[in-house]
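K.L.:
After the structure tokens below, expect a handful of questions from me.
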Amino acid sequence: MNVLSGLIGIAVIFGIGFLMSSNRKAIKPRTILIGLLLQITFAYLAIKNEYGVKVMGTLSNFVNGLIGYANDGIMFLFGGLYTEQSGIAFVFAFQVLPLVIFFGALIAALYHLGIMQIIIRVLGGGISKLLGTSKPESLSAAANIFVGQSEAPLVVKPFLPKMTKSELFAVVTGGLASVSGSVLAGIAGMGVDLKFLLAACFMSMPSGLIMAKLFMPETDNSERTFTIDVKKNQGESVNLIEAISVGAIDGMKLAATIGAMLLAMTSLIAMLNGGLGAVGGWFGFSITLEQIFGYIFAPLALAIGVPWSEAVQAGTFIGQKIVLNEFVAYSNFAPVMGTLSEKTQVIITFALCGFANFSSIAICVGGIGSLVPERRAEIASIGLRAMFAGVLASLLSATIAGMFV
């Protein structure tokens, strides 16, 4: 039954992507089919296969170990303020946001040492050969597993001016289809299963390329013969200490942005719910923004494999992720995920794991546009389509993951 519902969900997602394609005749079956096979294989290994589950468990334990080291820094800075003895066992600002800072510094250090470039080159080169996509767009997709939508394009910055429109679309979509390592750590700090978050990030690489090439297939091959070699690039940092410092500062900016955004969004949602409650009270019923999202996106949740009894609640989180952002959605999902079935927990964890929301369009235009100013208007013109492609990429991963629960 899970497989059947998953196949229906895949058909629905591909159907939407096909209808929104800019050139249906130019779609290359190889990219779509091999990409889909890669996703199914990875989902099976990560969720169902005994040895694959052990590998994902080991990887999860490794990342949890890193989070444990971050806790040493948190304890040094805040003391026992957030411990159980203090009576406030979980405080978002003390336990989640500092993880973003730590992982920002760690990733910056790995970049300075050239380690991250090697990993990206291997993953990107492999996916390029398998899917038949160009190396620049594939390398950018691989980079999005570890860094954010604004940082990943730096890997292919020299080639952005000469990229075809399809390649540029793939770069933007890839950034929206995943979350950065720093944000992933913050989400894991809320209690969301890290194994599934890691699997979702790795699956976002082929899913982002699948949706990008479905929405905007390659029609111009004039620039697809150039090669790219990601060499060790230390950037502007003169040594490892400076790289860590810059990474920590960038992480702090991101953490502050996340905190401010969550405070504002949570408060505004409460205000809107107050207004909706007052209006509903006049007619003898109560209604909230979450309920509205739930009913609107319930059919979509049902299509990707969520049981109908939980579709409205799942639709609430999907709607929050698309209209607001992934952190708001996860912060509301985490406290109640234990009340949901295992399948729904897995599907929603995967479905929310991406930057694809309306506010991220502006981030992409500003971030990538600053790297290639002459194409900023072009990036803005494809931003909305790329967001929808990113949403479908996450939903595709969620649908496939649900097949193996």
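Quick note on numbering: full-length UniProt numbering labels position 370 of the sequence shown as 370, and the sequence is numbered without any gaps. Here a beta-carbon is modelled for each residue, glycine too, at the ideal position from N, C-alpha and C.
Grab me the residues of F333's own chain with a C-beta within less than 7 Å of its C-beta, minus the 5 sequence neighbours each way, in chain order.
P.N.:
Translated into positions along the sequence shown, residue 333 becomes position 333. Result list for F333: F317, I348, L352, in chain order.
K.L.:
Just the Cα atoms here: how many angstroms apart are S370 and A356?
P.N.:
Indexing the sequence shown from 1 puts residue 370 at position 370. Indexing the sequence shown from 1 puts residue 356 at position 356. Cα to Cα, S370 sits roughly 20 Å from A356.
K.L.:
Sort T219, I10, S309 by Cα distance to P165 and report the nearest one.
P.N.:
Taking the first residue of the sequence shown as 1, we reach residue 165 at position 165. The question names Pro, yet the displayed sequence has Lys at residue 165. Nearest C-alpha to K165: T219.
K.L.:
Report the residue from G259, L395, L384 whose alpha carbon sits nearest the alpha carbon of G315.
P.N.:
For this step, residue 315 is matched to residue 315 along the sequence shown. Selected option, being the one with the closest Cα: L395.
K.L.:
Classify F293: buried if its beta carbon has 16 or more other beta carbons within 10 angstroms, exposed otherwise.
P.N.:
Within the sequence shown, residue 293 is the residue found at index 293, counting from 1. Buried is the call here.
K.L.:
Rounded to whole angstroms, what is the Cα-Cα separation between A303 and I34?
P.N.:
As a position in the sequence shown, residue 303 is number 303, starting the count at 1. As a position in the sequence shown, residue 34 is number 34, starting the count at 1. One C-alpha to the other measures close to 23 Å.
K.L.:
Between the beta-carbon of G383 and the beta-carbon of I361, is there less than 7 Å?
P.N.:
Along the sequence shown, one-based indexing puts residue 383 at 383. Along the sequence shown, one-based indexing puts residue 361 at 361. A contact, by the Cβ cut-off of 7 Å.
K.L.:
Return yes when the Cβ of V372 is within less than 7 Å of the Cβ of L160, no when it is not.
P.N.:
Working through the sequence shown from its first residue, we reach residue 160 at position 160. Working through the sequence shown from its first residue, we reach residue 372 at position 372. A contact, by the Cβ cut-off of 7 Å.
K.L.:
Roughly how many angstroms lie between the CA atoms of Q39 and I27, to the nearest whole one?
P.N.:
Position 39 of the sequence shown holds residue 39. Position 27 of the sequence shown holds residue 27. Near 19 Å, if we compare the C-alpha coordinates of I27 and Q39.
K.L.:
Using three-state DSSP, classify Q117 as helix, strand or coil.
P.N.:
As a working note, residue 117 is residue 117 in the sequence shown. Here Q117 sits in helix by DSSP.
K.L.:
Helix, strand or coil: how does DSSP classify G191 here?
P.N.:
Taking the first residue of the sequence shown as 1, we reach residue 191 at position 191. Three-state DSSP puts G191 in coil, outside helix and strand.
K.L.:
Could you tell me whether the Cβ atoms of V346 and A401 are closer together than 7 Å?
P.N.:
On the sequence shown, position 346 is the one that residue 346 refers to. On the sequence shown, position 401 is the one that residue 401 refers to. For V346 and A401, yes; Cβs fall inside 7 Å.
K.L.:
Does DSSP classify A311 as helix, strand or coil?
P.N.:
Along the sequence shown, one-based indexing puts residue 311 at 311. DSSP places A311 in helix when its eight states are reduced to three.
K.L.:
Can you grab the Cα-Cα spacing for the pair G9 / L110, in whole Å?
P.N.:
Here residue 9 corresponds to residue number 9 of the sequence shown, with the count starting at 1. Here residue 110 corresponds to residue number 110 of the sequence shown, with the count starting at 1. Using only the alpha carbons, I get a separation of about 38 Å.
K.L.:
Could you give the first and the last residue of the continuous alpha helix (DSSP H) run that contains P373?
P.N.:
The residue you call residue 373 lines up with position 373 of the sequence shown. Looking at the DSSP string, P373 is not in any alpha helix (DSSP H), and its letter there is neither H nor E.
K.L.:
With a cut-off of 8 Å on the beta carbons, I'd call A141 and I118 a contact; round off their distance for me.
P.N.:
Translated into positions along the sequence shown, residue 141 becomes position 141. Translated into positions along the sequence shown, residue 118 becomes position 118. Actually they are not in contact, since the Cβ atoms of A141 and I118 sit about 16 Å apart, beyond 8 Å.
K.L.:
Helix, strand or coil for V96 per DSSP?
P.N.:
In the sequence shown, the residue the question calls residue 96 occupies position 96. The answer is coil: DSSP assigns V96 none of H, G, I, E or B.
K.L.:
Work out the CA separation of F358 and M387 for me, nearest whole Å.
P.N.:
Position 387 of the sequence shown, counted from the first residue, corresponds to residue 387. Position 358 of the sequence shown, counted from the first residue, corresponds to residue 358. About 7 Å.
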